[in-house]
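What follows is a single structure, written as structure tokens, with notes after it.
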Amino acid sequence: MLGGIQMVGRLVMMGIALLALNASAEELYRWVDKDGKVHFGDRPPVEAKAESLEGRLKPVNSAAPTRKQDFPDRSRAGQIEREYAARKQSEQSKARQQRQIACARARKQLKILKGPVYFVDAEGNESTISERQRQVEARKLEARVRQYCG
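When you line the sequence shown up against full-length UniProt numbering, it's residues 1 to 150, in that order.
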């Protein structure tokens, strides 16, 4: 009995293998219908001219490892990498300069705020802020100095 089950199992496996071979050997066709839609199929249609794609498609699932594809022009690849590195360095330099400017501005404003503070309105009248308002503004500026100056 066990021999019969093994025999049936082998026959099933051989049938699956034959089906897999048959499925991979089929051709693939591409055609465009009267509405301009692109279709793909294993049999060419009767009503439209089909193009065979045999040999033009790479296997999707292959056991062979894929090889690394080289950039068509290695010198161009190196040039692109150098341009990218230079652009990145330039952007970092600009950001550093902007931080330094913001740092200097915050320090200057904080220094001014530490002394007596007077504001002049549009009519030329002087006004002062309360000590509490001055402390609040000083804390904001100190936070900016820490943020921009490190």
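Note that CB positions come from ideal geometry on N, CA and C, so glycine has one too.
Quick caveat, the model's predicted, so the values are computed rather than measured.
If you measure between the beta carbons of residue i and residue j, is that distance less than 8 Å?
i, j, result
"residue 106", "residue 145", "yes"
"residue 28", "residue 54", "yes"
So for residue i, helix, strand or coil by DSSP?
i, result
"residue 124", "coil"
"residue 38", "strand"
"residue 46", "coil"
"residue 27", "coil"
"residue 167", "Because the chain is modelled from 1 through 150, residue 167 falls outside the range shown and cannot be assessed."
Along the chain, where does the alpha helix (DSSP H) that runs through residue i open and close?
i, result
"residue 78", "74–114"
Among residues of its own chain, excluding the 5 on either side of residue i, which ones have a beta-carbon nearer than 8 Å to its beta-carbon?
i, result
"residue 131", "none"
"residue 88", "none"
With a threshold of 6 Å on Cβ separation, who are the neighbours of residue i within its own chain once the five nearest residues in sequence on each side are excluded?
i, result
"residue 151", "Absent from the structure is residue 151, since the part of the chain shown begins at 1 and ends at 150."
"residue 41", "29"
Please name the residue, chosen from the options, that lies closest to residue i on a Cα-to-Cα basis.
i, options, result
"residue 118", "128, 96 and 40", "128"
"residue 109", "138, 50 and 35", "138"
"residue 115", "50, 134, 74 and 101", "134"
"residue 147", "83, 101 and 35", "101"
With a threshold of 7 Å on Cβ separation, who are the neighbours of residue i within its own chain once the five nearest residues in sequence on each side are excluded?
i, result
"residue 33", "39 and 48"
"residue 45", "31"
"residue 94", "none"
"residue 141", "106, 109, 110 and 113"
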